[in-house]
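All residue numbers for the sequence shown refer to the UniProt record's numbering, where the first residue is 1 and numbers rise by one. C-beta: ideal position from N, C-alpha, C; glycine also. Take a look at the structure below.
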Amino acid sequence: MTTSALDDEFQALEARAYDTFDTGRLTHAAALFGDALARKPDAIHLHYMKGLAHKYLGEWSQSLQHNLRAIALNGEFEQSMAWNAAIAATGLGDWDEARRQWERCGIRIPPGSGPIEGDFGLASIRLNPWHGGETVWARRIDPVRARLLNVPLPESGHRLFDIVLHDGAPTGRRRTGDGDRTAPVFNVLDTLAESDFDTYVAFVRCDSPEDLDDLTDATLPGIGYVEDWTRSVVHYCLRCSYGSPHAHHDAAPPDDWAIERNLGIGAQGKAAAVRLLTQWASRGPGRHVDGIETPRLERPARSQDRTWWRGEDEDDDEDDDSDGEPG
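Take a look at the structure:
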């Protein structure tokens, strides 16, 4: 085969790899970039793209390997390579490498060794962005790790206080509850540490916002946070979905009080959640607990039929699935 024919064949292979990546078929794309690297092992852009595909697959060892190779071949500092290497190192728990890459990026991190524990601000975190994309508030403890502050829906497979690994580039911004500030929205890439708080879905009735405040403000051992999902979760009827019988009423106007409330409770055990609800109901008339469920669901598998990492900018006024104030 002539040199020209070999070049044409390589260009076709490279184009297939990019096209496959651009349609979200990450496993196939990673394999095609690998085939291209077998022919041109020192191609910086191919190492970068293969590392990128493995990043979105959550395959941290391969992602780090190819990003570090791209960095070594490039010679000059390239921020995107350093960020992706730091993300992959964080996913692996290779804290020395992660710290080295953050320092190359000029990011100030707390001194020392091991996991980074700092305050990098509030963020809106999109859980399972390849499937639904519920957003919750979180506190960033390093450039790409965050602790969840809301009670996620059970369908997400996540829990209050999980520590998640998120992408480096925000996909939009979201207004905080006071409306005066905005926070970046990041896609979750992986879960690094599961909390010991389960999610309990409770259905209660009460006559006034003050009754509900008495519940959401209450503290007990084993209770992390009580969140009113009645307004923030609007895409389906939670009571029906969990089999709690009730009569449907016309939705109350936004400024009117709805007696039926759907709650998400982050608790370390059902006994703590039941004790909280029982004590609350006993403290005032017209307070009723209709049911409490403990759904345990697996996280949805990563989709490879769309480019979920290219999320559209969010409308600041839009309500997502779980959108309460941070716990």
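Exercise for the section: Below 8 Å on the Cβ atoms is my guess for Trp102 versus Ala86; work out the distance and round it to an integer in Å. Expected result: On the sequence shown, position 102 is the one that residue 102 refers to. On the sequence shown, position 86 is the one that residue 86 refers to. The Cβ separation is near 5 Å, so the contact holds.
Handout entry: Gln11, buried or exposed, once every other Cβ within 10 Å from all chains shown has been counted against 16
Key = By 1-based counting over the sequence shown, the position of residue 11 is 11. Exposed, because fewer than 16 other Cβ atoms sit within 10 Å of the Cβ of Gln11.
Exercise for the section: May I have the straight-line CA-CA distance separating Ser208 from Ile223, to the nearest angstrom? Expected result: Translated into the one-based positions of the sequence shown, residue 208 becomes position 208. Translated into the one-based positions of the sequence shown, residue 223 becomes position 223. Using only the alpha carbons, I get a separation of about 23 Å.
Exercise for the section: Pull up the DSSP beta-bridge partners for Ser124, would you. Expected result: Counting from 1 along the sequence shown, the entry for residue 124 is found at position 124. Per DSSP, Trp137 and Val185.
Practice task
Compute the distance between the beta-carbons of Asn187 and Thr176, then report whether it is under 8 Å.
Solution key: By one-based count along the sequence shown, residue 187 stands at place 187. By one-based count along the sequence shown, residue 176 stands at place 176. No, they are not a contact pair.
Handout entry: C-beta contact flag for Ala90 and Arg25 at 8 Å
Key = For the purposes of this step, residue 90 is identified with residue 90 of the sequence shown, where counting begins at 1. For the purposes of this step, residue 25 is identified with residue 25 of the sequence shown, where counting begins at 1. A quick correction: the sequence has Thr, not Ala, at residue 90. Against a cut-off of 8 Å, the Cβ pair of Arg25 and Thr90 comes out as no contact.
Exercise for the section: Could you tell me the distance, in whole angstroms, from the CA atom of Gly133 to the CA atom of Pro184? Expected result: Numbered from 1 along the sequence shown, position 133 holds the residue referred to as residue 133. Numbered from 1 along the sequence shown, position 184 holds the residue referred to as residue 184. Those two C-alpha atoms are separated by around 15 Å.
Handout entry: Own chain partners of Ile44 with C-beta closer than 7 Å, once the 5 adjacent residues on each side are dropped
Key = What you label residue 44 is simply residue 44 of the sequence shown in a count that begins at 1. So the qualifying residues of the chain are Ala70, Leu73 and Asn74.
Exercise for the section: Leaving out five residues on either side along the sequence, give the residues of the same chain with a beta carbon under 7 Å from the beta carbon of Leu32. Expected result: Here residue 32 refers to the residue found at position 32 of the sequence shown. The residues Leu13, Arg16, Ala17 and Thr20, in chain order, have a CB closer than 7 Å to that of Leu32 in the same chain once the five nearest residues on each side in sequence are set aside.
Exercise for the section: Give me whichever residues DSSP pairs with Arg191 in a beta bridge. Expected result: Reading the sequence shown from its first residue, position 191 is the one you call residue 191. According to the sequence displayed, residue 191 carries Thr and not Arg. In the DSSP output, where bridge partners are listed per residue, Thr191 has Val164.
Practice task
Report the residue from Asp96, Arg205, Glu227 and Asp190 whose alpha carbon sits nearest the alpha carbon of Pro115.
Solution key: Mapped onto the sequence shown, residue 115 falls at position 115. When each option's Cα is compared against that of Pro115, the closest is Asp96.
Exercise for the section: Look at the alpha carbon of Thr216 and the alpha carbon of Ser156, and state the distance between them as a whole number of angstroms. Expected result: Looking up residue 216 in the sequence shown gives position 216. Looking up residue 156 in the sequence shown gives position 156. In this structure, the CA atom of Thr216 is about 22 Å from the CA atom of Ser156.
Handout entry: Anticipated Cβ contact below 8 Å, Tyr225 with Ala273, distance rounded
Key = Counting from one through the sequence shown, the residue named residue 225 turns up at place 225. Counting from one through the sequence shown, the residue named residue 273 turns up at place 273. So it is not a contact: roughly 11 Å between Cβ atoms.
Practice task
Write down the C-beta distance between Leu189 and His158 rounded to the nearest angstrom, noting that I regard them as a contact closer than 8 Å.
Solution key: The residue labelled residue 189 in the question sits at position 189 within the sequence shown. The residue labelled residue 158 in the question sits at position 158 within the sequence shown. Leu189 to His158, Cβ: 13 Å. No contact.
Practice task
Indicate the three-state DSSP secondary structure (helix, strand or coil) for Val144 in the structure shown.
Solution key: For the purposes of this step, residue 144 is identified with residue 144 of the sequence shown, where counting begins at 1. Three-state DSSP puts Val144 in coil, outside helix and strand.
Handout entry: 8 Å Cβ shell around Leu92 - same chain, five flanking residues per side excluded
Key = Taking the first residue of the sequence shown as position 1, residue 92 is located at position 92. Excluding residues within five positions, the ones whose Cβ falls inside 8 Å are Trp60, Ser61 and Leu64.
Practice task
Taking Asp228 as the reference, give the member of Leu212, Ala218 and Thr219 with the closest Cα.
Solution key: The residue labelled residue 228 in the question sits at position 228 within the sequence shown. Of the listed residues, the one whose Cα sits closest to Asp228 is Leu212.
Problem - Beta-carbon proximity of Leu149 to Leu192, cut-off 8 Å - result: Within the sequence shown, the letter at position 149 stands for residue 149. Within the sequence shown, the letter at position 192 stands for residue 192. Not closer than 8 Å, so no.
Exercise for the section: Please report the Cβ distance between Asp198 and Ala267, rounded to the nearest whole angstrom; I am assuming they are in contact, meaning their Cβ atoms lie under 8 Å. Expected result: The residue given as residue 198 occupies position 198 in the sequence shown. The residue given as residue 267 occupies position 267 in the sequence shown. The pair is a contact, with the Cβ atoms about 6 Å apart (cut-off 8 Å).
Exercise for the section: Quick one: using the 10 Å Cβ neighbour count with 16 as the cut-off for buried, is Phe77 buried or exposed? Expected result: Here residue 77 refers to the residue found at position 77 of the sequence shown. So Phe77 ends up on the exposed side.
Problem - Strand pairing of His28, partner residues [DSSP] - result: Counted from its first residue, the sequence shown places residue 28 at position 28. According to DSSP, His28 bridges with nothing at all.
Practice task
Go ahead and pull the three-state DSSP assignment for residue 381.
Solution key: Absent from the model: residue 381. The displayed extent of the chain is 1 to 327, so no value can be given.
Problem - Spatial neighbours of Thr23 in its chain, beta-carbon cut-off 6 Å, leaving aside the 5 residues before and after - result: Reading the sequence shown from its first residue, position 23 is the one you call residue 23. There are no such residues.
Handout entry: Where Glu318 falls: helix, strand or coil (DSSP)
Key = Counting from 1 along the sequence shown, the entry for residue 318 is found at position 318. A caution first: Glu318 carries a pLDDT of 38, below 50, which makes its placement in the model unreliable, though a value can still be read off. Three-state DSSP puts Glu318 in coil, outside helix and strand.
Exercise for the section: Use the C-beta contact count for Arg310: other C-beta atoms within 10 angstroms, 16 or more gives buried, fewer gives exposed. Expected result: Mapped onto the sequence shown, residue 310 falls at position 310. Its Cβ having fewer than 16 others within 10 Å, Arg310 is exposed.
Handout entry: Extent of the continuous beta strand (DSSP E) to which Arg174 belongs
Key = Counted from its first residue, the sequence shown places residue 174 at position 174. Looking at the DSSP string, the run of the beta strand (DSSP E) that includes Arg174 is Gly172 to Arg175.
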